[in-house]
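**Q**
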Amino acid sequence: MAGLEFSGFAALLSIVLILLPLLSFIIIIFGKKGGGGNLALANISIAFILSIYLVSLIWNKAPVHYQLNWFLIGEIQFTAGVLLNNLSLLMISLVSGISVLVHIYSRSYMKNDPNIHRYWAYLGLFCFSMLALSISDNLLLIYLFWELVGFSSFLLIGFWFTKHEASQAAKKAFVMNRIGDIGFLLGIMIIFSQFHTLDISILFGEDGLFNASVIKDNLWIFGTQQISEIWLTIAGIGFFMGAMAKSAQFPLHTWLPDAMEGPTSVSSLIHAATMVAAGVFLIARVYPVFDPFVLNMMVFIGAITAFMAATIALTQNNIKRILAYSTISQLGFMVMAMGIGAYSQSIFHLTTHAFFKCLLFLAAGSIIHQLHHYRDKIGLDFDYQDIRMMGGLRKSMPLTFWAMCLASAALIGLPFTSAYLSKDAIIVSAFEWAENRNALSQILPYLMVLTSWLTVFYISRLLFKVFFVKSNLLSLEQVQEIKDPSKKMTYVLVVLAFFCLFLVFSVNPFSSENSWIMNVFPSFNIQKNELFHSIIPIILTFGTLVLIVLSYSLYVKRDNFNGFGKGIFYRFSKREWYLNELYSLVFIANVEKLSKISYWFDQKVIDALVLKSAFLVRLLSLISSWIDKNLIDGLVNATGSLAKLIGRLAKKTQSGKLQQYLTTMLLLLISFFILTYFL
Amino acid sequence: MIPLSHFLIIGACLFSIGLYAVLTKKNAIQVLIGIEFMINAAILNFVAFGKYDKINGGGQMFALFAIVLAAAGVAVALAIILNVYKHFKTIDPSKIDNLRN
Amino acid sequence: MVEFIPFISSSINDTLASLAYLESEIVLVAGFLLVIIIDLFFSKKLPQMSFGLSMAIVLIVLTQNFTLLNLNPQVLFGGMIVLDHLSVLFKILFCLVSLIFLLFIRFNKSLQEHGKGTGDLYAILLAVHLGMNLMVMSSNLLMLFLSIEMVSLGSYLMVGYISKDSKQSEASLKYVLFGSVASAIMLYGISLLYGFTGSLYLQGPSFIAGLQNLPQLPLVLSLTLVFVGIAFKLSAFPLHFWVPDVYQGAPSPVTAFLSTGPKIAGFAVLIKFLILLQAIGIASNAIFTVLAMIAILSMVLGNFAAIWQNNSKRMLAYSSIGHTGFMFMALFVLPGQGYKALIFYMFIYVIMNMAAFLILDEIEDQTAKQNIDEYSGLGKQLSILMICFVIVLVSLTGLPPTAGFTAKFFVFSTALDAYNSSGSSVILIMIIVAALSTLISLFYYFKIPLNAYLRESTDTEIKASISPKTYLSAFLAFLLLLLIVFPSLIEQFL
Amino acid sequence: MNAEQVIFYFFAALLLLSALIVVTSRNLVRSIFLFFVTLFSLAAIYVFALADFIALTQVVLYAGGVLVLMLFAFMLSNKELLNAMEPAKRVFKVKHYVGIFISLAFLFILLQIFTERDFSQLEWIKSGSPISKNENTIHLIGIQSMTFYLLPFEILSVFLMMALVGAAHLARKDKKI
Amino acid sequence: MLSFLIFLPLIAALLILILPNRIQNQFKYITLGVSLIQFILSLFIYFNFNSSPINAGINKESQFQWVEKLSWIRLDLGTIGKLEIDYFLGIDGISMPFLILSALVTFVATLASWEIKTKLKAYFSLFLLLNTAVIGVFCALDFFLFYIFYELMLLPLYFLIGIWGGVKREYAAIKFFLYTLFGSVFMLLVIIGLYFSVSDPVNGNHTFNMILMMDPANYADGSIFSALADNNLFGMSARLLAFIVLFIAFSIKVPIVPLHTWLPDAHVEAPTPVSIILAGLLLKVGGYGIIRICFSIFPDAAMQSAWWIGLIGVISILYGALNALAQTDLKRLIAYSSVSHMGFVLLGIASSTSEGISGAMLQMISHGALSAMLFFLVGMIYERVHDREIANFSGLAEIMPQFTAFVMIAFFASLGLPGFSAFMAEAFSLIGAFNSEQVNGLLPRWMAVLASVGILLGAAYFLWTLQRMFFGPTQLKGGDDWLSKLKDVNMREKIALVPLAILALALGIFPSLLFDKMNASILAFVQLILN
């Protein structure tokens, strides 16, 4: 009884928590123009406090699961409820926490935008759906909020919708996510068809239905339900597709770089820290679904994504784009980790990544913000997001510089940072995973190491170009005029920077094993190999340091270094592996063509068929009216043709009408008789 | 004693002759005469058969009625033909074909 | 000579007794004479007196007929005529036809402006009405032929009544020649029937027995020849050739009458022969096949040809051929079931066909437009009339919410029932053709609202006046709407 | 072959011959006069069927009524009616062939019927009472028209009245014009 | 109650006919009042609707609610008994939702009728007549009555499209009319055939009672449509043939590919309110007919053809969406999207699972509201500048923010954004279709998989349109002239749009609002067709 009351109370709290941002959405969207900042901030702050309170109540205790009947369909009762376990608690506190920071940041960052109320409202909607996604207890609800998150992302990417690129990017993001969603939906259908429920805790709990199902003789059997095993795989692929789209995995990642058209604060919150992690979150939520095939696929795709994004990031010039690819790369790490069974490591990395990537973006945002203002001030037209235009900002924006340095250190996994713990844990797990597998699998860990080093390279490039070298455009004096942004924004950076440190997660700066996050989540299928745990971080760190020095010498010492020349690899990377072009060539163009064809078909064939049949009717009627009019001729001609010897006289018979009628009538009568009695 | 079938055959011939007139003549009055032949053929049948039907007298009565009806019909038809002549200046039925599709 | 004496007194008694059932016919005869006299002497002073008198007579006849509704079948005049429920229904139908026809004549411009007056027309009408009454009652071939001739001759006179232009005289010429040929052929057929049986009594035992003993060829030939005369009245295939020409040429009221009255009477006669055939015991499938063929061909010809017509009267003429074909379907009933669907359909058909011609005529009177493609924009100018027209056309097509639908529905029901019990695929084909022809009929019927409503008028505003004909057609259109809600208004009498 | 037969076949031949000339003649006046011959021969044949009253009526009504009516018709109207005959140039047209075909077909069918079976052997003819030669058919007709055929007889009067009124209406001149 | 609902608009139509033309500007208020009363009444019905299993309806006459039954036509026609036609109304869980939808859509369409400026008297009386017919169709339980209402819908629509329509209105009106009539003429034959096969067990009369037609026991032995006799017509099972005929008749309304080509023309040429009614209600009549008549009366034939129906559904979904993608006219795009969306209805019904049918029902209601909204929105643009070419607009969001907000709601709801009704509907149609193989083996799973691609295409065309027309810099073909004409949403339009949006949202979040009311009926329906 007490348990029920407690869970009810906790559930209520969590519902209040998610409803607060929704409330701010509703109030602000109908409210007056330009306002809403205070309300949004207040609401999200309360939500954050609530989430912390919930964490304190439930963390590492029995999960709270509370549900209500939602609707009944046939004989199946659908429920809606909240499931508060460690994973969801982690997510809501992470999301609400970062949201609070981004809200604070945005107050300055977005201050002068005329449509700022929409911004707050959209943020509220996003927070609501993201938080709700985290605590939902059933797949249908998750799917609901999953799409809603995508929708709010659509809104936020397209926030400056008058910009053509922004609206384009928003559309692209949504449609690409849709592709994944179809997979998700397919997964839901398969699960529902097999188990007749979508409740996560019933399905995937310790003694859930899923564990009760078995695979035998290529059949996936649960109770009396049997379907082919392939459907399990398809379900797994489906869910994974959902995750791929949301977490921007190859080949569905192209929306994320484009999504940088949205406000930078949005990019940091949604497209770096939280929403994109939802894919990983989903994988975590439905983990039991994935069979080895899908897991391997995850590994493969995650690794490819990580590597690909890193290579692309090497040559990009737009600061946000670089960070976006970096995000993709990191997400690749997480997905790969999930694939190899490093569940806890993946989540750990998700958490640390959230902070440092958020920080990176916000810092970049500060730079952009200041440059933008400066640009407006001097009335010069230049792309204020292009790192080539920046340079030497180290002195003028010291705080930003240091925050960015710290975040970058975390990104590349230098010791004493949080990501050192998480990322190295993943790479170590990769080695462990590969140990007992075939030769092909051996490539994986090395690829990851390579990727990790590429990370070093591109982020150092960014840092050096922005903060060290001379700007291509602005003189030193001009650069001096640019200052750190307002206090509000910098405080946020400081707070986030703090979260990039190892201390937050683990007492031991060199071992992730005892971090509190790792402790509460399981890992699967991985045999621990102490050797790797000691050697690999050292190698990695060493390599990293070497690379930093190398890139410093490349980018700072040599003045006009443009990366790696203009070779094929450069172009390949610069053009983002030509994937956009490929898609537009293969899919978009073909779908357009297909739609054109099908419209042509509709107009020219189907409709024409109908018209043809109308034509046929008309023809028939023409014939029949012709017969009616000229029946006599026809018949006379027929009889005349009997007597064709006589010749053309037949044609001269169009004289009389009445008698023609009578003749016809009598001919018909006679032919009736002849037909009946004499033939 | 004349056999019944001879009456009938004469009637049939008359009927066919009338039919031919109806179908081919280019003068409405001749067409009308053709019709009268056809009617007369029928009357001949009635009369021939009526010889054997004393009690009801159907044949002869019918013949009588038919003659009267035919006469009235001719009267009306002629009136109409005259009207047509007024408008068309011809009574060739094959030339009167303003009404058509 | 002597052997007749016993019959004479009984015959006189029979005649006297029979007269009591012929009140309506007597009234008609009296009215006929009165109208002639009045027209002779009072046509100058009281120009509309013969109209009023005719109306009164038809109304009296109508009420008289209603009293006869629940009568048991009566054999009158020694079997010359038989008065039964079905014939009373037909007689009521004729009253309806005549009533509308009278009003139509009264308000038709060209007839009222006719220099020779309309008095004779009223007289002819009453005589034709009498003829139609006798047609449905007669059970004797002589009586039948006489009444058919009466109706035919009256119709010829009506068609040629005005003969003010070549069109009308041409129509009447064609009609009279075609009709005379048809009746001559029929007469020959009757003479053969008489010869083969020695009897003129259609339902008489000797008649039936005589036919039963006949070989196929003479039997079928004589029946076919008789059928020619009937089909001429029905305007069924292959005797439909005259229809478009005559309908177009005749004065509108007469066209309306021709398309209803004689046609309905023709059906009554056809029913008599069908009953006879069933009594003879000719394989009913064979008859049904022939009937179905005629029905199919009539529907196909009528409907397809109607599509191409631009003259509205001509179009309605073809459509009435189609309707004949459709009504044929209602003949497919098993013995002893009555022809309820047919009668119901006829009631509705009379109302809608009369209304259609009324409206056409009114349009012609007001705008001098006869062709459908000239109707553009009329929806605005003659709003009430065109609304009625639409209702009537919907009814002619056989769509709800008009009684035309109910009627069509009953006919379909009957035909399907026939199919159900006979399983003949010709009937099924006929039903499908009927369904398709409904669709086709939409093409041409809806050309009118299409022009009237969907196209803008090209010429100047026409000052529309609301004439009695408009009221009459509105009333008829209203009846069509009312009868779908309360079909029992008619149905209870069936 | 007795006299009766000779006379009968003579009239039959006359009938058919005159009828043929009537329908083939291109002269309307000749046509009409031969029509009279046809009707007269027909009346003669009626006599052989013991229908003397019918024969009489035939002569009176047809020869006296219809024929005179026809003659009056074109005498009253224009003389051109007489000239409106078809030109003698073309002998036969397809129309005629079709007409001939149809009439011959009918004739063929009818002859088929009349020759295939002897109709005097019909049940009702054998069992019925034929009119004897010395019977007064006028009496018979008189009684029948007052008993069985009273109703049609009366109706016939209405019919004739209607035809009279109508035909008169058609024929008379429009007062207003 | 139901009669009142049906005939109220008819009375109002007559009233409008009688009233003088002088006050023709008031007609719209009369119409609005009528639709408002209807809406309130339908809500009253909704709240008093008993959704317990003993009121499931479907094939048990006693379980229907608000039943009105009067004997109407009794004609002794055939050999075997009397013709029994009743004035028989009643609703169950299947028909009740449509009543509310009808009332709501009519209300919105009335508000859209403000743009009609000519021949108001005729317009509003036809409009109300149409309303009568639509509600009648949803209430009628006698097949004859149903057919009358069904056909009655055609005429007003013909004129509404033909008189107040766009440039090609003649063509569109005739095409629409012929298409639908084609279906219904043959339907009539089936109706009559059914009448001969079915007799009322109480008095042995032949009857048009649809409910009695659903019980195989009521079919006379050896009658055409008797399940036992299994007659053949043209070498086909008679029942199957009848089913196909009925199915074609209704699916022309739905419409399915390839019988859909009337729809784009009719929708595009029709004036806005008529498009709203067409998309919002007329298409639903097709779906309703398939459930109420095709499947209920011929379950055996339905099961035989379920695979094909499912396939047609899938094809419609994909084909409609692809065609929508190719459109340059906004209204045409929405018209094609209707084809696509109604494909889900077909798929759901074909699955014959309770999920699928619930999904199909919800899809119909949801599409009713959403397509009404979409057409209303298109109408708003068209009314302002008389243009709907997508390419002629750009950046409308800047000048018409509220309008854009509504458009976004409608678009996203239509493309199946969760939280809106269409999502639930499509999801459950798909789930049903997917489950079908497991539950009753009717539809293979790949159909559901393929159909789900339609959702993606839906997103593509809607978002593409959104991006092209509403986002980006403001550029209008008509320049400043248009700029001044393109005013944002006014009060009347808001009143029309808000209820629809709320309905879509409410059903998306609380589908139980609908599911609870119809669940019992759907279970009964599934049981009926699967037995």
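Line by line, the protein sequences give chains A, B, C, D and E. Heads up: take any position in the first sequence, counting from 1, add 2, and you land on the working numbering. Heads up: take any position in the second sequence, counting from 1, add 135, and you land on the working numbering. Heads up: take any position in the third sequence, counting from 1, add 25, and you land on the working numbering. Heads up: take any position in the fourth sequence, counting from 1, add 42, and you land on the working numbering. Heads up: take any position in the fifth sequence, counting from 1, add 118, and you land on the working numbering. We treat Cβ as the ideally placed atom computed from N, Cα and C, and that holds for glycine.
Roughly how many whole angstroms lie between the Cα atoms of Q303/C and A424/E?
**A** Looking at the backbone, the Cα of Q303/C and that of A424/E are separated by about 47 Å.
**Q** When the cut-off is 8 Å and only beta carbons count, does K192/C lie next to chain B?
**A** yes
**Q** For V251/C, which of helix, strand or coil comes out of DSSP?
**A** DSSP places V251/C in helix when its eight states are reduced to three.
**Q** Just how far apart, CA to CA, sit F67/C and F76/C?
**A** 12 Å
**Q** Does the structure place the segment 39-56 of chain A close enough to the segment 598-607 of chain E that three or more beta carbon pairs sit under 8 Å?
**A** no
**Q** If we call anything under 8 Å between Cβ atoms a contact, is A432/A one with L446/A?
**A** yes
**Q** Taking its Cβ as the centre, do 16 or more other Cβ atoms sit within 10 Å of K168/D, making it buried, or is it exposed?
**A** exposed
**Q** Mind pulling the chain A residues with CB within less than 9 Å of E473/E?
**A** I75, G76, I78 and F194
**Q** Whose Cβ in chain D lies nearer than 9 Å to the Cβ of K297/C?
**A** Under the 9 Å cutoff, chain D gives no residues; its nearest Cβ is about 17 Å from K297/C.
**Q** What residue from L65/C, V176/C and S450/C has the CA that sits closest to L351/E's CA?
**A** S450/C
**Q** Taking 8 Å as the cut-off, decide whether the C-beta atoms of L158/B and Q661/A are in contact.
**A** yes
**Q** Using the Cβ count rule (16 or more neighbours within 10 Å means buried), how would you classify L669/A?
**A** Under this definition L669/A is a buried residue.
**Q** Three-state secondary structure (DSSP) at R192/E?
**A** strand
**Q** Which residues of the segment 663-675 of chain A have a Cβ closer than 7 Å to any Cβ of chain D? Give them in chain order.
**A** T665, L668, L669, I672 and F675
**Q** Which chain B residues sit within Cβ distance under 7 Å of I142/D?
**A** Y155
**Q** Which residues, in chain order, does the segment 413-437 of chain E contribute to contact with chain A at a C-beta distance below 8 Å?
**A** Within the segment 413-437 of chain E, the residues whose Cβ lies closer than 8 Å to some Cβ of chain A are Y437, listed in chain order.
**Q** Across the segment 217-224 of chain E and the segment 259-275 of chain E, are there enough close Cβ pairs to call them in contact, namely three or more that are closer than 8 Å?
**A** no
**Q** How long is the line joining the alpha carbons of Y205/E and G429/C, rounded to whole angstroms?
**A** One Cα belongs to Y205/E, the other to G429/C, and the distance between them is close to 19 Å.
**Q** In its own chain, which residues sit with a C-beta less than 7 Å from the C-beta of R417/E, not counting the 5 before and 5 after it?
**A** Checking the displayed sequence, the identity of residue 417/E turns out to be Pro instead of Arg. Shown here for P417/E: same chain residues with a beta carbon closer than 7 Å to its own, the five before and five after excluded, namely L646 and I647 in chain order.
**Q** Just confirm the distance between the C-beta atoms of K160/B and G169/B, as a whole number of angstroms; I'd bet it's less than 8 Å.
**A** 6 Å
**Q** Which ranges does the alpha helix (DSSP H) cover as unbroken runs of at least 4 residues, wholly within the segment 416-459 of chain E, from first to last along the chain?
**A** Taken in chain order, the unbroken stretches of alpha helix (DSSP H) that lie wholly in the segment 416-459 of chain E and span 4 residues or more are 417-443.
**Q** For S230/A, which residues does DSSP report across the bridge?
**A** Note: S230/A sits in a beta bridge opposite L221/A.
**Q** Can you find the residues in the same chain that come closer than 8 Å, C-beta to C-beta, to F466/A, ignoring five residues on each side of it along the sequence?
**A** S553, Y554, Y557 and V558
**Q** Quick check: what's the CA-CA separation for I285/A versus F242/A?
**A** 7 Å
**Q** Distance check for L475/C and Y241/E, CA to CA, integer angstroms please.
**A** Approximately 16 Å between the Cα atoms of the pair.
**Q** So, with DSSP's three-state summary, where would you put M491/E?
**A** helix
**Q** DSSP three-state call for D190/C: helix, strand or coil?
**A** coil
**Q** What residues from chain C crowd round M136/B, counting only those whose CB sits closer than 8 Å?
**A** Neighbours of M136/B on chain C: none; closest Cβ ~18 Å, over 8 Å.
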